[in-house]
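In my numbering, the protein residues as written are 1382 to 1430.
Heads up, the beta-carbon is just placed ideally off N, CA and C, and yes, glycines get one too.
Here the structure is a predicted model, which is why all the values come from computation and not from measurement.
See below for the structure under consideration.
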């Protein structure tokens, strides 16, 4: 595991990338940002000039 993520190899040869992030937001707010296009756009442009 690194700061970027973890590569897990499965017994059958497949690989899975695992990314874990700790956010200072309620899970419901994060889920809306990931599933509602307008919310995602707001998060992606947050802090940009």
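Legend entry - Start-to-end residues for the beta strand (DSSP E) that takes in residue 1390: Where residue 1390 is concerned, the enclosing beta strand (DSSP E) stretches over 1387-1390.
Inset, instruction - Tell me whether residue 1430 sits in a helix, a strand or coil according to DSSP, three-state version. - result: Low local confidence applies: a pLDDT of 45 at residue 1430 is under 50, so the model's placement there is unreliable, with the coordinate-based value given in what follows. Residue 1430: coil per DSSP, three-state reduction.
Inset, instruction - Would you give the residue range spanned by the alpha helix (DSSP H) that residue 1404 belongs to? - result: Careful: residue 1404 lies outside any alpha helix (DSSP H) and carries neither H nor E.
Legend entry - Contacting residues, own chain, Cβ-Cβ under 8 Å from residue 1396 (five flanking each side not counted): Same-chain partners within the cutoff: 1388, 1389, 1390.
Legend entry - Residue environment, residue 1430, which counts as buried when at least 16 other CB atoms sit within 10 Å: Any reading at residue 1430 needs caution, since the residue's pLDDT is 45, under 50, leaving its predicted position unreliable; the model's value is listed next. Residue burial annotation: residue 1430 is exposed, with fewer than 16 other C-beta atoms found within 10 angstroms of its C-beta.
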